[in-house]
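I have placed the structure first, in the form of C-alpha coordinates, so that the comments after it can refer back to it.
Residue numbers (the numbering used here): 92 to 383.
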(Lines of atoms letter the chains of each structure in order from A; the text may use other names.)
(Lines give C-alpha, C1' and ligand atoms only; values in the text may rest on other atoms or scores of the structure.)
Protein backbone atom coordinates (compact mmCIF):
# COMPACT_ATOMS: atom_id res chain seq x y z
CA UNK A 92 0.00 0.00 0.00
CA UNK A 93 2.92 2.35 -0.72
CA UNK A 94 1.73 5.93 -1.15
CA UNK A 95 -1.63 5.32 0.49
CA UNK A 96 -2.76 7.29 3.55
CA UNK A 97 -4.88 5.80 6.31
CA UNK A 98 -7.85 8.15 6.65
CA UNK A 99 -10.28 6.29 8.93
CA UNK A 100 -10.24 3.51 11.53
CA UNK A 101 -13.28 2.39 13.49
CA UNK A 102 -15.95 -0.21 14.09
CA UNK A 103 -19.44 -1.06 12.80
CA UNK A 104 -21.90 -0.03 15.51
CA UNK A 105 -25.24 -1.77 15.82
CA UNK A 106 -27.23 1.44 15.24
CA UNK A 107 -25.54 1.85 11.84
CA UNK A 108 -26.75 -1.51 10.52
CA UNK A 109 -29.81 -1.74 8.26
CA UNK A 110 -32.57 -4.32 7.76
CA UNK A 111 -30.11 -6.45 5.75
CA UNK A 112 -27.98 -6.87 8.90
CA UNK A 113 -24.96 -5.06 7.46
CA UNK A 114 -23.54 -1.54 7.47
CA UNK A 115 -26.03 0.68 5.69
CA UNK A 116 -24.84 2.53 2.59
CA UNK A 117 -25.47 5.97 4.08
CA UNK A 118 -22.99 5.22 6.85
CA UNK A 119 -20.41 4.07 4.31
CA UNK A 120 -20.76 7.61 2.98
CA UNK A 121 -20.32 9.04 6.48
CA UNK A 122 -17.01 7.20 6.66
CA UNK A 123 -16.20 8.29 3.12
CA UNK A 124 -16.66 11.87 4.33
CA UNK A 125 -14.12 11.23 7.09
CA UNK A 126 -11.69 9.68 4.60
CA UNK A 127 -12.01 12.48 2.06
CA UNK A 128 -11.54 15.17 4.70
CA UNK A 129 -8.47 13.38 6.04
CA UNK A 130 -6.90 13.13 2.59
CA UNK A 131 -7.76 16.73 1.64
CA UNK A 132 -6.26 17.96 4.91
CA UNK A 133 -3.05 16.09 4.05
CA UNK A 134 -3.06 17.80 0.64
CA UNK A 135 -3.55 21.27 2.13
CA UNK A 136 -7.08 21.50 0.71
CA UNK A 137 -9.09 20.86 3.87
CA UNK A 138 -10.90 23.06 6.37
CA UNK A 139 -8.01 25.50 6.89
CA UNK A 140 -7.86 26.08 3.13
CA UNK A 141 -11.62 26.72 3.06
CA UNK A 142 -11.39 29.23 5.90
CA UNK A 143 -8.31 31.07 4.60
CA UNK A 144 -8.95 31.03 0.87
CA UNK A 145 -12.71 30.63 0.55
CA UNK A 146 -12.22 27.52 -1.61
CA UNK A 147 -13.88 24.12 -1.22
CA UNK A 148 -13.42 20.70 -2.73
CA UNK A 149 -16.98 19.55 -3.48
CA UNK A 150 -17.89 16.01 -4.50
CA UNK A 151 -19.51 15.86 -7.93
CA UNK A 152 -19.22 12.15 -8.72
CA UNK A 153 -18.76 8.87 -6.84
CA UNK A 154 -18.41 5.35 -8.20
CA UNK A 155 -18.73 2.80 -5.41
CA UNK A 156 -18.48 -0.99 -5.53
CA UNK A 157 -19.59 -2.88 -2.43
CA UNK A 158 -17.63 -6.15 -2.62
CA UNK A 159 -18.07 -7.75 0.81
CA UNK A 160 -20.33 -7.16 3.79
CA UNK A 161 -19.38 -5.37 6.98
CA UNK A 162 -21.54 -6.52 9.87
CA UNK A 163 -22.13 -5.55 13.50
CA UNK A 164 -18.89 -5.43 15.47
CA UNK A 165 -16.59 -5.67 12.46
CA UNK A 166 -13.46 -3.53 12.72
CA UNK A 167 -12.62 -1.50 9.65
CA UNK A 168 -10.19 1.04 8.22
CA UNK A 169 -9.88 3.10 5.04
CA UNK A 170 -6.82 3.87 2.93
CA UNK A 171 -6.98 6.80 0.49
CA UNK A 172 -4.93 8.29 -2.31
CA UNK A 173 -5.08 10.38 -5.48
CA UNK A 174 -5.85 8.75 -8.81
CA UNK A 175 -5.84 11.82 -11.08
CA UNK A 176 -5.05 15.51 -10.91
CA UNK A 177 -7.12 17.74 -13.21
CA UNK A 178 -6.94 21.53 -13.72
CA UNK A 179 -9.77 22.22 -11.27
CA UNK A 180 -10.47 18.80 -9.76
CA UNK A 181 -9.01 15.72 -8.14
CA UNK A 182 -10.05 12.10 -8.41
CA UNK A 183 -9.64 10.53 -4.98
CA UNK A 184 -9.72 6.79 -4.40
CA UNK A 185 -10.51 4.89 -1.23
CA UNK A 186 -10.36 1.25 -0.16
CA UNK A 187 -12.47 0.12 2.80
CA UNK A 188 -10.93 -2.85 4.60
CA UNK A 189 -12.20 -5.40 7.09
CA UNK A 190 -9.27 -4.96 9.46
CA UNK A 191 -9.61 -8.45 10.92
CA UNK A 192 -9.42 -10.30 7.61
CA UNK A 193 -7.49 -7.76 5.55
CA UNK A 194 -10.09 -8.07 2.77
CA UNK A 195 -11.16 -5.08 0.68
CA UNK A 196 -14.88 -4.60 1.29
CA UNK A 197 -15.56 -1.50 -0.79
CA UNK A 198 -13.79 0.59 -3.42
CA UNK A 199 -14.60 4.24 -4.16
CA UNK A 200 -13.62 6.65 -6.91
CA UNK A 201 -14.58 10.19 -5.87
CA UNK A 202 -14.21 13.29 -8.05
CA UNK A 203 -14.01 16.56 -6.12
CA UNK A 204 -14.05 19.96 -7.82
CA UNK A 205 -12.17 22.93 -6.42
CA UNK A 206 -14.73 25.75 -6.25
CA UNK A 207 -15.32 29.22 -4.87
CA UNK A 208 -17.18 28.74 -1.58
CA UNK A 209 -19.68 31.52 -2.25
CA UNK A 210 -20.39 31.33 -5.96
CA UNK A 211 -19.78 27.59 -6.48
CA UNK A 212 -17.78 28.24 -9.64
CA UNK A 213 -14.67 26.20 -10.47
CA UNK A 214 -11.29 27.55 -9.46
CA UNK A 215 -8.08 26.17 -10.92
CA UNK A 216 -5.69 24.41 -8.58
CA UNK A 217 -2.38 26.23 -8.26
CA UNK A 218 0.80 24.58 -9.56
CA UNK A 219 1.91 24.05 -5.95
CA UNK A 220 -1.40 22.36 -5.07
CA UNK A 221 -1.12 20.15 -8.11
CA UNK A 222 2.42 19.12 -7.17
CA UNK A 223 1.33 18.14 -3.66
CA UNK A 224 -1.57 16.12 -5.05
CA UNK A 225 0.70 14.41 -7.59
CA UNK A 226 2.90 13.36 -4.68
CA UNK A 227 -0.03 11.38 -3.25
CA UNK A 228 -0.77 9.49 -6.51
CA UNK A 229 -1.38 5.76 -6.10
CA UNK A 230 -1.79 2.74 -8.34
CA UNK A 231 -5.45 1.76 -8.63
CA UNK A 232 -6.87 -1.70 -9.27
CA UNK A 233 -10.53 -0.99 -8.52
CA UNK A 234 -13.29 -2.38 -10.77
CA UNK A 235 -13.84 -0.55 -14.03
CA UNK A 236 -16.99 1.53 -14.28
CA UNK A 237 -19.63 0.46 -16.79
CA UNK A 238 -21.67 3.25 -18.41
CA UNK A 239 -25.21 2.01 -19.05
CA UNK A 240 -28.10 3.56 -20.98
CA UNK A 241 -30.54 5.63 -18.92
CA UNK A 242 -34.03 6.99 -19.59
CA UNK A 243 -33.98 10.36 -21.33
CA UNK A 244 -36.61 11.92 -19.07
CA UNK A 245 -38.67 11.19 -15.96
CA UNK A 246 -41.71 9.67 -17.64
CA UNK A 247 -42.71 6.56 -15.70
CA UNK A 248 -40.72 7.56 -12.58
CA UNK A 249 -42.56 7.38 -9.24
CA UNK A 250 -42.33 9.72 -6.26
CA UNK A 251 -40.27 7.75 -3.75
CA UNK A 252 -39.04 10.18 -1.07
CA UNK A 253 -40.04 13.66 0.04
CA UNK A 254 -38.94 15.86 2.96
CA UNK A 255 -37.05 19.04 3.85
CA UNK A 256 -33.37 19.56 4.57
CA UNK A 257 -32.59 19.91 8.29
CA UNK A 258 -29.98 22.27 9.80
CA UNK A 259 -28.14 19.39 11.48
CA UNK A 260 -27.41 17.79 8.08
CA UNK A 261 -24.76 20.44 7.35
CA UNK A 262 -21.09 19.40 7.69
CA UNK A 263 -18.02 21.33 8.83
CA UNK A 264 -17.71 22.94 5.38
CA UNK A 265 -21.27 24.29 5.52
CA UNK A 266 -22.51 21.75 2.95
CA UNK A 267 -25.20 19.10 3.33
CA UNK A 268 -23.16 15.95 3.93
CA UNK A 269 -23.37 13.19 1.31
CA UNK A 270 -24.62 10.71 3.91
CA UNK A 271 -27.92 12.65 4.01
CA UNK A 272 -28.30 12.46 0.25
CA UNK A 273 -27.84 8.69 0.52
CA UNK A 274 -30.29 8.32 3.42
CA UNK A 275 -32.93 9.84 1.12
CA UNK A 276 -31.96 7.57 -1.76
CA UNK A 277 -32.21 4.56 0.57
CA UNK A 278 -35.73 5.58 1.56
CA UNK A 279 -36.54 6.03 -2.12
CA UNK A 280 -35.24 2.56 -2.90
CA UNK A 281 -37.58 1.07 -0.30
CA UNK A 282 -40.61 2.65 -1.95
CA UNK A 283 -39.39 1.86 -5.47
CA UNK A 284 -38.90 -1.87 -4.80
CA UNK A 285 -42.17 -2.10 -2.86
CA UNK A 286 -43.94 -1.05 -6.08
CA UNK A 287 -43.23 -4.47 -7.57
CA UNK A 288 -43.58 -6.60 -4.46
CA UNK A 289 -40.37 -6.38 -2.45
CA UNK A 290 -42.17 -4.82 0.50
CA UNK A 291 -41.06 -4.71 4.15
CA UNK A 292 -43.67 -7.35 4.95
CA UNK A 293 -42.41 -9.63 2.18
CA UNK A 294 -38.79 -9.25 3.32
CA UNK A 295 -39.64 -10.01 6.95
CA UNK A 296 -41.81 -13.02 6.13
CA UNK A 297 -39.55 -14.56 3.48
CA UNK A 298 -36.21 -13.62 5.07
CA UNK A 299 -35.19 -11.68 2.00
CA UNK A 300 -33.54 -8.29 1.50
CA UNK A 301 -32.21 -5.88 -1.11
CA UNK A 302 -28.41 -5.71 -1.00
CA UNK A 303 -26.67 -2.94 -2.96
CA UNK A 304 -23.46 -3.78 -4.80
CA UNK A 305 -22.88 -0.63 -6.89
CA UNK A 306 -23.52 3.10 -6.76
CA UNK A 307 -22.95 5.68 -9.47
CA UNK A 308 -23.72 8.99 -7.77
CA UNK A 309 -23.63 12.36 -9.52
CA UNK A 310 -24.12 15.61 -7.59
CA UNK A 311 -24.81 18.72 -9.62
CA UNK A 312 -26.68 21.04 -7.26
CA UNK A 313 -26.55 22.40 -3.73
CA UNK A 314 -28.98 21.72 -0.88
CA UNK A 315 -29.52 24.12 2.01
CA UNK A 316 -31.52 23.84 5.24
CA UNK A 317 -35.21 24.33 4.56
CA UNK A 318 -35.05 23.19 0.94
CA UNK A 319 -37.93 20.86 -0.04
CA UNK A 320 -36.54 17.70 -1.60
CA UNK A 321 -38.22 15.04 -3.72
CA UNK A 322 -36.73 11.83 -5.09
CA UNK A 323 -38.30 10.11 -8.09
CA UNK A 324 -37.29 6.57 -8.96
CA UNK A 325 -37.62 4.01 -11.72
CA UNK A 326 -36.68 0.38 -12.17
CA UNK A 327 -34.57 0.29 -15.33
CA UNK A 328 -33.40 -3.34 -15.39
CA UNK A 329 -34.36 -6.63 -13.77
CA UNK A 330 -32.48 -9.92 -13.99
CA UNK A 331 -32.69 -13.30 -12.29
CA UNK A 332 -31.78 -11.87 -8.88
CA UNK A 333 -30.40 -8.42 -9.71
CA UNK A 334 -32.09 -5.06 -10.19
CA UNK A 335 -30.98 -1.63 -11.36
CA UNK A 336 -32.79 1.50 -10.24
CA UNK A 337 -32.35 5.14 -11.15
CA UNK A 338 -33.15 7.82 -8.57
CA UNK A 339 -33.36 11.55 -9.33
CA UNK A 340 -33.31 14.13 -6.52
CA UNK A 341 -34.86 17.54 -7.12
CA UNK A 342 -35.21 20.77 -5.17
CA UNK A 343 -38.97 21.19 -5.43
CA UNK A 344 -38.85 24.94 -4.83
CA UNK A 345 -36.51 25.65 -7.74
CA UNK A 346 -37.05 22.51 -9.88
CA UNK A 347 -33.25 22.13 -9.94
CA UNK A 348 -31.93 18.59 -10.36
CA UNK A 349 -29.64 18.13 -7.36
CA UNK A 350 -28.33 14.58 -7.69
CA UNK A 351 -28.77 11.32 -9.57
CA UNK A 352 -28.06 7.84 -8.28
CA UNK A 353 -27.82 4.66 -10.33
CA UNK A 354 -28.16 1.80 -7.84
CA UNK A 355 -27.54 -1.88 -8.50
CA UNK A 356 -28.54 -4.54 -6.03
CA UNK A 357 -29.59 -8.14 -5.57
CA UNK A 358 -32.46 -10.01 -3.97
CA UNK A 359 -30.66 -11.33 -0.88
CA UNK A 360 -31.22 -14.58 1.00
CA UNK A 361 -30.79 -13.28 4.55
CA UNK A 362 -29.78 -16.64 5.99
CA UNK A 363 -27.44 -17.87 3.25
CA UNK A 364 -26.08 -14.30 2.74
CA UNK A 365 -26.11 -14.72 -1.03
CA UNK A 366 -28.28 -13.65 -3.98
CA UNK A 367 -31.57 -15.49 -4.40
CA UNK A 368 -33.66 -15.68 -7.61
CA UNK A 369 -36.66 -13.39 -7.66
CA UNK A 370 -40.01 -15.21 -7.38
CA UNK A 371 -41.78 -15.37 -10.73
CA UNK A 372 -44.67 -13.20 -9.57
CA UNK A 373 -42.35 -10.41 -8.40
CA UNK A 374 -40.27 -10.58 -11.57
CA UNK A 375 -43.38 -10.25 -13.72
CA UNK A 376 -44.58 -7.26 -11.72
CA UNK A 377 -41.12 -5.72 -12.05
CA UNK A 378 -41.08 -6.18 -15.82
CA UNK A 379 -44.46 -4.47 -16.06
CA UNK A 380 -43.11 -1.22 -14.58
CA UNK A 381 -39.69 -1.11 -16.26
CA UNK A 382 -38.70 2.29 -17.59
CA UNK A 383 -36.30 2.31 -20.53
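Just so you know, even glycine gets a beta-carbon here, dropped at the ideal spot from N, CA and C.
Check, Outcome
"What number of angstroms, rounded off, separates the C-alpha of residue 383 from the C-alpha of residue 193?", "40 Å"
"Out of curiosity, what's the CA-to-CA distance linking residue 255 and residue 288?", "28 Å"
"CA-CA distance, residue 161 and residue 265?", "30 Å"
"Run the CB neighbour count on residue 313, radius 10 Å, all protein chains shown included, and call it buried at 16 or more, exposed below.", "exposed"
"Taking buried to mean at least 16 other C-beta atoms within 10 Å of its own C-beta, is residue 363 buried or exposed?", "exposed"
"CA-CA distance, residue 291 and residue 285?", "8 Å"
"Hey, could you find the ends of the beta strand (DSSP E) residue 318 is sitting in?", "Premise fails: residue 318 is in no beta strand (DSSP E) and is neither H nor E."
"Relative to the C-alpha of residue 113, which candidate in 345, 302, 308 has its C-alpha closest?", "302"
"Could you tell me how far apart the beta carbons of residue 262 and residue 124 are, in whole angstroms, since I believe they sit closer than 8 Å?", "7 Å"
"Taking the alpha carbon of residue 127 as the reference point, which residue from 173, 271, 331 has its own alpha carbon closest?", "173"
"Under 7 Å between the Cβ atoms of residue 327 and residue 337?", "yes"
"What are the start and end residues of each continuous alpha helix (DSSP H) run of 4 or more residues lying completely inside the region 285-317, in chain order?", "291-297"
"Just the Cα atoms here: how many angstroms apart are residue 97 and residue 228?", "14 Å"
"Which two residues bound the contiguous alpha helix (DSSP H) that contains residue 207?", "Run containing residue 207: none in the alpha helix (DSSP H); it sits in the beta strand (DSSP E), 195-207."
"Taking all protein chains shown into account, do 16 or more other C-beta atoms lie within 10 angstroms of the C-beta of residue 275, making it buried, or fewer, making it exposed?", "buried"
"How many angstroms separate the CA atom of residue 157 from the CA atom of residue 182?", "19 Å"
"Rounding to the nearest angstrom, what Cα-Cα distance links residue 137 and residue 147 in this structure?", "8 Å"
"Is the number of C-beta pairs between the region 366-376 and the region 234-245 that are closer than 8 Å three or more?", "no"
"Leaving aside the five residues before and after residue 115 along the sequence, list all residues of the same chain whose C-beta is less than 8 Å from its C-beta, in chain order.", "107, 108, 109, 277"
"Using a Cβ-Cβ cut-off of 6 Å (strictly less than) and excluding sequence neighbours within five positions of residue 100, which residues of its own chain qualify?", "168"
"With the cut-off set at 7 Å, would you say residue 176 and residue 186 are in Cβ contact?", "no"
"Run through DSSP, which three-state label would residue 220 get?", "helix"
"Just to check my reading of the structure: residue 102 and residue 145 have Cβ atoms closer than 8 Å, yes? What is that Cβ distance to the nearest angstrom?", "No, residue 102 and residue 145 are not in contact; Cβ-Cβ is about 36 Å, not under 8 Å."
"Among the residues of its own chain, which have a CB less than 6 Å from the CB of residue 335, if the five just before and after it don't count?", "327, 328, 355"
"Would you check if the distance between the CB atom of residue 310 and the CB atom of residue 151 is smaller than 7 Å?", "yes"
"Per DSSP, what are the beta-bridge partners of residue 365 in this structure?", "360"
"Which ranges would you report for the beta strand (DSSP E) in the region 138-188 if only whole runs of at least 3 residues count?", "146-157, 166-177"
"Between which two residues does the alpha helix (DSSP H) containing residue 125 stretch?", "116-133"
"When burial is assigned at 16 or more other CB atoms within 10 Å of the CB, is residue 270 buried or exposed?", "buried"
"State buried or exposed for residue 171, treating a residue as buried only when at least 16 other CB atoms are found within 10 Å of its CB.", "buried"
"I'd like to know whether the C-beta atoms of residue 117 and residue 273 end up nearer to each other than 7 Å.", "yes"
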